[in-house]
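Novice: Shown below is the structure under consideration.
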Amino acid sequence: MERHITLGEFIIENQKDFPYAKGELSALLSSIRLAGKVVNQAINKAGLSEILGKAGNENVQGEDQAKLDVMANDVFIETLRNRGEICGIASEELEDYLIFDEDMHKDAKYIVLMDPLDGSSNIDVDITVGTIFSIYRRISKPGESVNKEDFLQPGENQVAAGYIIYGTSTILVYTTGNGVNGFTFDPGIGSFFLSHPEIKFPDHGKIYSVNEGNYVHFPTGVKKYIKWVQEIDEKDGRPYTSRYTGSLVADFHRNMLLGGIYLYPTGTTSPKGKLRLLYECNPMAFLTEQAGGKCTDGFTRILELKPTELHERVPFFCGNKEMVEKAEEFMRDNQ
Ligand code: P6P
């Protein structure tokens, strides 16, 4: 009988994996776990509580904010503010970063970057959405003021990253650099239980995820890759299957479990691609590499990119190593 340990037990058993193993990881992840439970409950009853629809304002991306976007952002910020380990937060939903400067934060070592509710355009039509988070050690010294450089670190500096997928079940998936593990929420008990130990991309993938509505705007290399995956080649299992939900967390989770590639290339409507380097690409890239996959902007490893601004966007090629390398080959040959 497989032992179903809770997320809390798992974190404590693996505390040694986290730098300064003085319980910081436990505290950080337990606040993310708590906020995830609150957001999960709000999402599950959104249709009944007048919390669907637009909040009537735009976020820094110029996108209509859904009421649940705002709610999720507030829940994570307030829950994380209650931790002494965190000195600041940057969120896809906020123009600038937030500094936590109460006394309890003065010796804090960590910062959190997050997309509190990714894929929120799907909320009103009951399609899976997710929360994405990254944890970094601050660069400024405890006691110094938190500054923008703390938030503009390359993704390879992440000490932890993960997501919560609010789907047919709610699963928290995270890594601290020692593999990827998934925990399914049992609402009857109110705990997350280890359900997906040591997740790895399968050796071969046959799923491609891209919004082909933007095909005419894609770089030639992507157009040729898409035509290649649609050719008949029984030995190679082509044509591959197209699966695209409009929710990165849902497409990523499925592709990591079943094998696949997710692409958000450049296009005239998104000259640098749509996905945000800090809040979507870096955490997913950390998870990808820890699960044996590959994640680049078509040419360069995502985790090595040096951010220059909080909301910068980059092209995103993410998934099975051999699938990403094939797409990169088309990009190289068609520059
Ligand atoms: P499009 C959601 O807004 C998101 O950031 C990802 O979750 C999703 O994969 C992508 O954008 C969808 O973008 O342009 O295809 O609707």
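Once you know that position 94 of the sequence shown is 100 in our numbering, the rest is easy, because the numbers rise by one and skip nothing.
For each residue, glycine too, the CB sits at the ideal point set by N, CA and C.
(1) Can you round the beta-carbon distance between T306 and T134 to whole angstroms, since I take them to be within the 8 Å contact cut?
(2) In its own chain, which residues sit with a C-beta less than 7 Å from the C-beta of R39, not counting the 5 before and 5 after it?
(3) Output yes or no for whether 8 Å exceeds the beta carbon distance between T182 and V165.
(4) Is A52 closer than 8 Å to L35 when the C-beta atoms are compared?
(5) Our contact map puts E328 next to H210 with C-beta atoms below 8 Å; I'd like the distance itself, whole angstroms only.
(6) Ligand 1 and L34: does any heavy atom of the ligand fall closer than 7 Å to the residue's C-beta?
(7) Anyone know if the C-beta pair for L283 and E318 falls short of 8 Å?
(8) What are the residues that DSSP puts in a beta bridge with R244?
(9) Can you give me the Cβ contacts of G265 inside the same chain, cut-off strictly under 7 Å, excluding the 5 residues immediately before and after it?
(10) Going by the C-beta, is G125 closer than 7 Å to any heavy atom of ligand 1?
(11) Do F157 and I92 come within 8 Å of each other at the CB atom, strictly closer than that value?
(12) Could you give the DSSP three-state label for L34: helix, strand or coil?
(13) What does a CB cutoff of less than 6 Å around N184 pick up in its chain, not counting 5 residues either side in sequence?
(14) Kindly indicate the opening and closing residues of the beta strand (DSSP E) around T176.
(15) Determine the direct distance from the alpha carbon of K229 to that of F16, and round the result to whole angstroms.
(16) With a cut-off of 8 Å on the beta carbons, I'd call L119 and Y285 a contact; round off their distance for me.
(17) Say yes only if the C-beta of D192 is nearer than 7 Å to one or more non-hydrogen atoms of ligand 1, and no if none qualify.
(18) In terms of residues, what are the limits of the alpha helix (DSSP H) holding M120?
(19) Rounded to whole angstroms, how far is the Cβ of P160 from the Cβ of D113, which I believe are closer than 8 Å?
(20) Leaving out five residues before and five after G29 in sequence, what residues of the same chain have Cβ atoms less than 8 Å from its Cβ?
(21) Shortest alpha-carbon distance to S215 belongs to which of I18, A256, L269 and G188?
(22) Excluding the 5 residues preceding and the 5 following E162 in the sequence, name in chain order all residues of the same chain whose CB lies nearer than 7 Å to its CB.
(23) Return the chain-ordered ranges of every alpha helix (DSSP H) run that is complete within the stretch 190-244 and spans a minimum of 4 residues.
(24) Quick check: what's the CA-CA separation for S140 versus V235?
(25) List the endpoints of the continuous beta strand (DSSP E) containing T302.
(26) Return the first residue and the last residue of the beta strand (DSSP E) that T137 is part of.
(27) Opposite Y285 in the DSSP bridges: which residues?
(28) Say yes only if the C-beta of S175 is nearer than 7 Å to one or more non-hydrogen atoms of ligand 1, and no if none qualify.
(29) Taking only the alpha-carbon atoms, compute the straight-line gap between L200 and N63 and give it to the nearest angstrom.
(30) Within a Cβ cutoff of 7 Å, which residues of the same chain sit near S127, ignoring the five residues on either side of it in sequence?
(31) Provide the residue span of the alpha helix (DSSP H) that contains G14, from first to last.
(32) With C-beta atoms as the reference, is Y172 less than 8 Å away from I49?
(33) Buried or exposed: where does P203 fall if 16 or more other Cβ atoms within 10 Å of its Cβ makes it buried?
(34) Given E84, which residues of its chain have a CB within under 7 Å of its CB, disregarding the five upstream and five downstream residues?
(35) Output yes or no for whether 8 Å exceeds the beta carbon distance between Y103 and G94.
Specialist: A quick look at the data gives this:
(1) Counting from 1 along the sequence shown, the entry for residue 306 is found at position 300. Counting from 1 along the sequence shown, the entry for residue 134 is found at position 128. About 30 Å separates the CB atoms of T306 and T134; that is not less than 8 Å, and the two are not in contact.
(2) Locating residue 39 in the sequence shown gives position 33, where the first residue counts as 1. Hits under 7 Å: L13, L178 and F198.
(3) Here residue 182 refers to the residue found at position 176 of the sequence shown. Here residue 165 refers to the residue found at position 159 of the sequence shown. Pairing T182 with V165 gives a Cβ-Cβ distance under 8 Å.
(4) What you label residue 35 is simply residue 29 of the sequence shown in a count that begins at 1. What you label residue 52 is simply residue 46 of the sequence shown in a count that begins at 1. No, they are not a contact pair.
(5) The residue given as residue 328 occupies position 322 in the sequence shown. The residue given as residue 210 occupies position 204 in the sequence shown. The beta carbons of E328 and H210 sit about 7 Å from each other, so the pair counts as a contact at 8 Å.
(6) As a first step, residue 34 must be located in the sequence shown, where it is residue number 28. Not so, every heavy atom of ligand 1 lies at least 7 Å from the Cβ.
(7) By 1-based counting over the sequence shown, the position of residue 283 is 277. By 1-based counting over the sequence shown, the position of residue 318 is 312. Using a Cβ distance threshold of 8 Å, L283 and E318 count as a contacting pair.
(8) On the sequence shown, residue 244 is found 238 positions in, with the first residue counted as 1. Its beta-bridge partners are D239.
(9) Residue numbering aside, residue 265 sits at position 259 when the sequence shown is read from its first letter. For G265, where only same-chain residues beyond five positions count, the Cβ hits under 7 Å are F207, P208, H210, G211, K212, I213 and N326.
(10) The residue you call residue 125 lines up with position 119 of the sequence shown. Yes, Cβ of G125 sits closer than 7 Å to a heavy atom of ligand 1.
(11) Taking the sequence shown and counting its residues from 1, one reaches residue 92 at position 86. Taking the sequence shown and counting its residues from 1, one reaches residue 157 at position 151. With a cutoff of 8 Å on beta-carbon distance, I92 and F157 are scored as not near each other.
(12) Position 28 of the sequence shown, counted from the start, is the residue given in the question as residue 34. In this structure, DSSP gives L34 a helical state, which the three-state scheme calls helix.
(13) Counting from 1 along the sequence shown, the entry for residue 184 is found at position 178. Closer than 6 Å at Cβ, skipping near neighbours: D23.
(14) By 1-based counting over the sequence shown, the position of residue 176 is 170. Residues T176 to T181.
(15) Reading the sequence shown from its first residue, position 10 is the one you call residue 16. Reading the sequence shown from its first residue, position 223 is the one you call residue 229. One C-alpha to the other measures close to 44 Å.
(16) Sequence index remark: in the sequence shown, residue 119 carries index 113 (1-based). Sequence index remark: in the sequence shown, residue 285 carries index 279 (1-based). Right, the Cβ-Cβ distance comes to about 6 Å (below 8 Å), so this counts as a contact.
(17) Taking the first residue of the sequence shown as 1, we reach residue 192 at position 186. Checking the Cβ of D192 against ligand 1 gives no.
(18) Reading the sequence shown from its first residue, position 114 is the one you call residue 120. From DSSP, M120 is part of no alpha helix (DSSP H) but of the beta strand (DSSP E) over Y116 to D124.
(19) Taking the sequence shown and counting its residues from 1, one reaches residue 160 at position 154. Taking the sequence shown and counting its residues from 1, one reaches residue 113 at position 107. Incorrect: roughly 25 Å between the Cβ atoms, too far for contact.
(20) The residue you call residue 29 lines up with position 23 of the sequence shown. If we look at G29 and ignore the five residues flanking it on each side, its Cβ neighbours are Q21.
(21) Position 209 of the sequence shown, counted from the first residue, corresponds to residue 215. Distances from the CA of S215 to each of I18, A256, L269 and G188 were compared; the closest alpha carbon is that of L269.
(22) The sequence position of residue 162 within the sequence shown is 156, counting from 1. Answer for E162: L309 and E310, listed in chain order.
(23) Taking only runs of at least 4 residues, the alpha helix (DSSP H) segments lying wholly in the stretch 190-244 are 226-235.
(24) Locating residue 140 in the sequence shown gives position 134, counting from the first residue. Locating residue 235 in the sequence shown gives position 229, counting from the first residue. Those two C-alpha atoms are separated by around 32 Å.
(25) For this step, residue 302 is matched to residue 296 along the sequence shown. T302 -> beta strand (DSSP E) spans K300 to T302.
(26) The sequence position of residue 137 within the sequence shown is 131, counting from 1. For T137, the enclosing beta strand (DSSP E) covers residues V135 to R143.
(27) Taking the first residue of the sequence shown as position 1, residue 285 is located at position 279. According to DSSP, Y285 bridges with nothing at all.
(28) Counting from one through the sequence shown, the residue named residue 175 turns up at place 169. In terms of side-chain proximity, the C-beta atom of S175 is found no nearer than 7 Å to any non-hydrogen atom of ligand 1.
(29) For the purposes of this step, residue 200 is taken as residue 194 along the sequence shown, with counting starting at 1. For the purposes of this step, residue 63 is taken as residue 57 along the sequence shown, with counting starting at 1. N63 has its alpha-carbon roughly 38 Å from the corresponding atom of L200.
(30) Position 121 of the sequence shown, counting from 1, holds the residue named residue 127. In chain order, G252 place their CB closer than 7 Å to the CB of S127, counting only its own chain and leaving out the 5 sequence neighbours on each side.
(31) Within the sequence shown, numbered from 1, the residue matching residue 14 stands at position 8. Run containing G14: L13 to E19, per the alpha helix (DSSP H) assignment.
(32) In the sequence shown, residue 172 corresponds to position 166, counting from 1. In the sequence shown, residue 49 corresponds to position 43, counting from 1. Less than 8 Å separates the beta-carbon of Y172 from that of I49.
(33) For the purposes of this step, residue 203 is identified with residue 197 of the sequence shown, where counting begins at 1. Per the 10 Å Cβ criterion, exposed.
(34) By one-based count along the sequence shown, residue 84 stands at place 78. In its own chain, leaving out the 5 sequence neighbours on each side, no residue places its CB closer than 7 Å to the CB of E84.
(35) Within the sequence shown, residue 103 is the residue found at index 97, counting from 1. Within the sequence shown, residue 94 is the residue found at index 88, counting from 1. Against a cut-off of 8 Å, the Cβ pair of G94 and Y103 comes out as a contact.
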